[in-house]
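Numbered according to the UniProt record's numbering, the sequence shown spans residues 1 to 339.
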Amino acid sequence: MWNPGGMDAATHEPNPATDPGVAVRPEFDPELRGGLALVGGMFPPTITPDLVDFMRTSYAGPPVADLLEGRRITVCDETFAGHRGDEVVGSVFTADGAVGARPTVLFLHSGGLMFGDRFSGLDRVIDWVERWAVTLVTVEYRLAPEHPDPYAREDCYAALEWLASDADRLDVDPDRIMVAGASAGGGLAAGLALAARDRDGPPVCAQLLDYPMLDDRGRTVSTTQFDGIGVWDRVSNETAWRASLGDRYQTDDVSIYAAPARATDLSGLPPAFIDVGSAEIFRDEAIEYATALWRAGGSAELHVWPGGFHAFDIFAPHATLSRGMIATRDAWVARVLID
C-alpha cells in the first residue's frame, strides 16, 4: 500500500485549470475515478529508479492457485533457452480435456520492463482458456535494469521459437499463434511480430496490443499531457526506457524491436488490435502505430476509449467503459484466432 505521510491518494490529480504548469488534457471518465483512487492507494504517483524494488513487491502477480480456483484449467511450467542460452521459464495453461493442436496465445506481461512476472495481468485473459480451449503461454522474461535490452525481447522471441519447435508436444497449432500484451507487454508483442517477420521466424497470426509502450522518444503530445497523475506518466515512462536502453535512450541506436514506433516499414505484419485510453500517455503513439499499419496496407482495429486512463480496465473492471473495452477486445480475438 502506498500512502506516505497519510497522503490521500485521490488528491494526486493535478488541475490544469488552477496550475499553469499542467498541460491541458482530456478529462477522466467520471465512473473511473474510483479506479484512479485505487491506483493511487497502491502505487506511488510516479515511478523513479529508487521505487523499482517497491514496485516489484507490490506489482507481483497473484498466486497461480488463486488464478485457477474454480476453473477447469491445468498449468505446467516449462523451461526453454532464452537470450544467450540462459534458462527461461514459461507457464502453459490448458483447458482440462482439451486435445489436439489448439490456437495459442503467447501473453507478455506488463510492468514497464522493470517489474511484474508471468502471472501479472493473467486474470484479464485466463478466461479464454476455458471459453475457447486456447493454449495460454506466459513468459518469465528478464527485467531491466539488471537485464537491459535486448534481454526481454529476445527471451520473448525465444519463447515463440520454442512454441513453434515443440508444437506437437504442447498441442500448439503453429499456424495460430497470437502474441498479446498490455503496456510494456504490448510493446514487446509488437516488437515480436516485427522480429518474426524480419527473421523469417515462426508465423504470428495476430497481435493484440493493449495500450502498448512503443516509443522511447517521448515526442507526442500525450507524453507531455500526463505527469504526476497517479498512473503511468512521463517520468515513469522515462524511468522504464532508461532502465531498458541505458545510454541508447532517445538516440538513433535503438532497435525497432525494442521501440516498434521507430519502424519505418510495417508491411507484412499480422492483423493488429490496438486500444488505448484518450486520457493516458500512450494515446498518441498507439494511434500513430495503427495509422502506420494502415498506411503499409495492413489490418489494424483501433479503439480509443474516451476518458480512459492507463490500464483502466484492470483497476476499474466493472465500469461501463471497461466492460465495453473487454467485450470489444474479446470479440476481436474470437474473430481472428478462433473462428
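For every residue, glycine included, the Cβ atom is placed at its ideal position computed from N, Cα and C.
The alpha helix (DSSP H) enclosing Asp149, as first and last residue numbers: Numbered from 1 along the sequence shown, position 149 holds the residue referred to as residue 149. No alpha helix (DSSP H) holds Asp149; DSSP gives it neither H nor E.
Option nearest Arg72 by Cα separation, candidates Asp50, Leu51, Thr57 and Gly97: On the sequence shown, residue 72 is found 72 positions in, with the first residue counted as 1. Taking only the C-alpha atoms, the option nearest Arg72 is Gly97.
Residue range of the beta strand (DSSP E) that includes Asp173: On the sequence shown, position 173 is the one that residue 173 refers to. Unbroken beta strand (DSSP E) run through Asp173: Val172 to Ala182.
Cβ distance (whole Å) where Glu285 is taken to contact Ala261 below 8 Å: Position 285 of the sequence shown holds residue 285. Position 261 of the sequence shown holds residue 261. Indeed they touch by this definition, with Cβ atoms about 5 Å apart.
Option nearest Pro317 by Cα separation, candidates Pro26, Leu32 and Phe28: Along the sequence shown, read from residue 1 onward, the residue named residue 317 stands at position 317. Measuring C-alpha to C-alpha distances from Pro317 to each of Pro26, Leu32 and Phe28 identifies Leu32 as the nearest.
Proximity to Ile177 [Cα-Cα], best of Val304, Tyr151 and Gly201: Along the sequence shown, one-based indexing puts residue 177 at 177. Scanning Val304, Tyr151 and Gly201 for the CA closest to the CA of Ile177 turns up Gly201.
Ile326 - containing alpha helix (DSSP H), residue span: To locate residue 326, count along the sequence shown from 1; it is residue 326. For Ile326, the enclosing alpha helix (DSSP H) begins and ends at Thr320 to Val333.
Segment limits, alpha helix (DSSP H) that includes Met280: Reading the sequence shown from its first residue, position 280 is the one you call residue 280. For the record, residue 280 in the displayed sequence is Glu; it is not Met. Run containing Glu280: none; DSSP gives neither H nor E here.
Residue range of the beta strand (DSSP E) that includes Gln207: Within the sequence shown, residue 207 is the residue found at index 207, counting from 1. Counting along the chain, the beta strand (DSSP E) containing Gln207 begins and ends at Ala206 to Asp210.
The segment 207-224 / the segment 131-151 touching (three or more Cβ pairs under 8 Å): As far as the Cβ criterion goes, the segment 207-224 does not touch the segment 131-151, which means the pair count is below three.
Outcome for Asp53 when other beta-carbon atoms lying within 10 angstroms are tallied against a minimum of 16: Counted from its first residue, the sequence shown places residue 53 at position 53. Looking at its Cβ environment, which holds fewer than 16 other Cβ atoms inside 10 Å, Asp53 is exposed.
Length of the line joining the Cα atoms of Glu140 and Tyr157: Counted from its first residue, the sequence shown places residue 140 at position 140. Counted from its first residue, the sequence shown places residue 157 at position 157. When rounded, the distance between both Cα atoms is 12 Å.
Reference Gly181, options Thr224, Asp247 and Ala272, closest by Cα: Locating residue 181 in the sequence shown gives position 181, where the first residue counts as 1. Answer by Cα proximity: Ala272.
For Glu78, the first and last residue of its enclosing beta strand (DSSP E): As a first step, residue 78 must be located in the sequence shown, where it is residue number 78. Ile73 to Ala81 is the extent of the beta strand (DSSP E) around Glu78.
Backbone CA spacing between Gly190 and Gln207 [nearest angstrom]: Reading the sequence shown from its first residue, position 190 is the one you call residue 190. Reading the sequence shown from its first residue, position 207 is the one you call residue 207. The sequence given here has Ala at residue 190, not Gly. Ala190 and Gln207: Cα-Cα distance of roughly 7 Å.
Residue nearest to Ala311 in terms of C-alpha spacing, selected from Leu36, Glu27 and Glu301: Numbered from 1 along the sequence shown, position 311 holds the residue referred to as residue 311. Minimum Cα-Cα distance from Ala311 among the listed residues Leu36, Glu27 and Glu301 corresponds to Leu36.
Closest by C-alpha distance to Gly308, when choosing among Ser322, Arg295 and Ala296: Locating residue 308 in the sequence shown gives position 308, counting from the first residue. Cα-wise, what sits closest to Gly308 is Ser322.
Proximity below 8 Å, CB of Thr104 to CB of Val137: The residue given as residue 104 occupies position 104 in the sequence shown. The residue given as residue 137 occupies position 137 in the sequence shown. With a cutoff of 8 Å on beta-carbon distance, Thr104 and Val137 are scored as near each other.
Beta-bridge partners of Ser91, as assigned by DSSP: What you label residue 91 is simply residue 91 of the sequence shown in a count that begins at 1. Its beta-bridge partners are Asp77 and Thr138.
Proximity of Ala263 and Ile274 at Cβ, strictly below 8 Å: In the sequence shown, residue 263 corresponds to position 263, counting from 1. In the sequence shown, residue 274 corresponds to position 274, counting from 1. For Ala263 and Ile274, no; Cβs fall outside 8 Å.
Inter-residue spacing [alpha-carbon to alpha-carbon] between Leu163 and Gly246: In the sequence shown, residue 163 corresponds to position 163, counting from 1. In the sequence shown, residue 246 corresponds to position 246, counting from 1. Spanning the two alpha carbons is a distance of roughly 31 Å.
C-alpha gap between Leu209 and Thr224, whole angstroms: Taking the sequence shown and counting its residues from 1, the one referred to as residue 209 is at position 209. Taking the sequence shown and counting its residues from 1, the one referred to as residue 224 is at position 224. Approximately 22 Å, taken between the alpha carbons.
For Asp275: DSSP bridge partner residues: Along the sequence shown, one-based indexing puts residue 275 at 275. Asp275 pairs with Asp210 and His303.
Straight-line gap, Phe115 to Asp339 (C-alpha atoms, nearest Å): The residue labelled residue 115 in the question sits at position 115 within the sequence shown. The residue labelled residue 339 in the question sits at position 339 within the sequence shown. Roughly 35 Å separates the two Cα atoms.
Residues near Ala319 in its chain [Cβ-Cβ closer than 6 Å; skip 5 each side]: Taking the first residue of the sequence shown as 1, we reach residue 319 at position 319. Cβ within range, chain order: Glu31 and Leu32.
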